[in-house]
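Reading through the structure tokens given below for one structure.
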Amino acid sequence: MKPLAVHFGAGALGRGLVIPFLCQSGYRVVAVDNDRALIDSLRQHGGYDILLTDTSEIQHIALADVAYARDERLDDWLKQASVITTSVRKENLHHVAARLKGIAPSSVICCENIEYSGDFFAAQMVQAGINPQGWHLPDCMVDRICAARWPDSLRVETESWGSVCVQALAGAVVPDKFETTPHIEHRFQEKRILVNTYADGIAFLGAAAGFHYLFEAAADERINAAISDYMQLMKRGLQLECGLDDAYLERMAQMHRRHLSNGAIKRDLASVARNFLEKIRPTERFIYPLIQLQQRGINIDAAIPFLNQLITSWASQQPDSAQACAQALKNIDNAEIVSKLGNAL
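Following this line, the structure appears as structure tokens:
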């Protein structure tokens with residue numbers, strides 16, 4: 001019999017990337033979610049379809065079972081699982097950790113858009129009263145654009161390209177379709193900058209421009225021109241921090257832009273252009289790379305026009321734009337950057 005995987009989170013990323021990769025790795029998959037209507041529909045259909053928009057291929061993803069997070073029978077599945085995976089967003093991982101109380105240690109791969117996901121989940125386990133000793137919790141990086149149509153349809157729109165990359169960790173069970181690497185931090189930083197920072201940046205500008213979908217912002221030449229100098233500095237940081245060469249970074253940046261510009265995947269801008277005040281903090285994606293460049297003595301003035309437009313674009317969508325701008329500057333919490341922006345705003 002095939003090994004069993006339990007996956008928490010049946011949203012776009014879970015159904016569009018993680019579950020298909022688990023199935024392709026030879027696992028029976030039990031999908032877990034808090035949306036009862038979604039779970040009932042998945043059970044009724046025995047799974048769901050994904051559309052690979054770049055090849056027009058439709059794949060049916062069969063599920064061994066589905067479960068609501070609080071179902072008692074989920075305990076039996078968890079006890080049988082060779083590996084447990086998640087795609088529930090960072091703020092919901094504590095619920096998954098609590099659900100593992102009383103389950104014997106195994107491997108948990110948090111397929112979330114967070115750095116050091118293994119350490120973060122271990123901390124959630126401790127808060128839930130679980131000793132993480134004996135559990136295998138490798139860090140993970142995921143990359144694939146996915147768009148769900150629920151509740152209109154179970155189908156998920158995605159593309160043929162995708163990646164789940166896991167830090168090599170002795171004893172951890174890693175599905176074959178997942179890639180392993182000894183330097184997950186480099187892969188994470190590359191994806192964080194070339195995909196997440198870029199997508200977030202164009203999303204906030206696109207929302208202010210009246211666009212509705214991410215592909216519209218990615219295809220817009222004016223928005224790409226506005227973020228270009230900033231992204232050049234971001235790539236300079238990746239060269240210095242990760243030892244990646246310019247030609248490789250440019251090739252990957254263009255590839256990601258093509259993926260994000262795919263008009264067949266209609267991902268709502270609102271699902272990307274969110275949590276702005278958190279993302280503008282000095283430890284997060286827009287500002288932290290600039291602080292690293294500052295510490296290396298590199299001039300960051302070329303980033304200021306984009307940051308200016310980023311802040312004003314977001315602020316224009318708020319009830320009090322002046323107050324919103326002031327709050328953004330406060331959250332940046334870096335005197336040099338705030339000073340430069342203060343002169344530009």
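Going by full-length UniProt numbering, the sequence shown opens with residue 1, and the numbers climb by one from there.
Yeah, the Cβ is synthetic: ideal placement off N, Cα and C, and Gly gets one too.
With DSSP collapsed to three states, give me the class of residue i.
i, result
"Val-29", "strand"
"Cys-146", "coil"
"Ser-153", "coil"
"Cys-325", "helix"
"Ile-311", "helix"
"Val-126", "helix"
"Leu-4", "strand"
"Cys-23", "helix"
"Gly-342", "helix"
"His-45", "helix"
"His-94", "helix"
"Glu-336", "helix"
"Ile-103", "coil"
"Ser-316", "coil"
"Ile-109", "strand"
"Val-18", "helix"
"His-136", "strand"
"Ser-163", "strand"
"Glu-115", "coil"
Tell me which same chain residues have a C-beta within less than 7 Å of the C-beta of residue i, skipping the five on either side of it?
i, result
"Thr-180", "Val-166, Ala-168 and Val-174"
"Ser-41", "Leu-154"
"Tyr-116", "Asp-139"
"Leu-242", "According to the sequence as given, residue 242 is Cys; it is not Leu. Excluding sequence neighbours, Cys-242 sits near His-186, Gln-189 and Glu-190."
"Ala-199", "Leu-214, Leu-260 and Val-272"
Work out the CA separation of residue j and residue i for me, nearest whole Å.
i, j, result
"Gln-59", "Arg-144", "16 Å"
"Ala-328", "Ile-280", "7 Å"
"Asn-262", "Cys-23", "25 Å"
"residue 351", "Ala-270", "Since the displayed the chain opens at 1 and closes at 345, residue 351 lies outside it and no answer follows."
"Thr-197", "Leu-17", "20 Å"
"Val-66", "Ile-109", "19 Å"
"residue 375", "Phe-211", "As displayed, the chain neither begins before 1 nor continues past 345, which places residue 375 out of reach and without an answer."
"Arg-222", "Thr-312", "16 Å"
"Arg-257", "Arg-251", "10 Å"
"Asp-220", "Tyr-248", "23 Å"
How many whole angstroms separate the CB atoms of residue i and residue j, which I take to be in contact at a CB cut-off of 8 Å?
i, j, result
"Val-142", "Leu-13", "7 Å"
"Ala-303", "Leu-290", "6 Å"
"residue 353", "Leu-137", "It is not possible to answer for residue 353, since the shown part of the chain is limited to 1 through 345."
"Tyr-48", "Arg-15", "6 Å"
"Ala-218", "Ile-202", "6 Å"
What residues in its chain sit with their C-beta under 8 Å from that of residue i, if we drop five residues either side in the sequence?
i, result
"Leu-52", "Ile-58, Gln-59, Thr-158, Glu-159 and Ser-160"
"Leu-277", "Gln-327, Ala-328 and Asn-331"
"Thr-55", "Ser-160"
"Ile-287", "Ile-280, Arg-281, Ile-332, Asn-334 and Ile-337"
Just to confirm my understanding: we take residue i, look at its own chain, exclude 5 residues before and 5 after, and list those with CB closer than 6 Å. What are they?
i, result
"Ile-84", "Val-6 and Val-108"
"Gly-134", "Pro-105"
Minimum length 4: unbroken alpha helix (DSSP H) runs contained in the segment 50 to 87:
74 to 80
At 4 residues or longer, and completely inside the UniProt domain "Mannitol dehydrogenase C-terminal" (193 to 303): list those alpha helix (DSSP H) runs for me, N to C.
198 to 208, 214 to 219, 221 to 242, 246 to 260, 276 to 279 and 288 to 295
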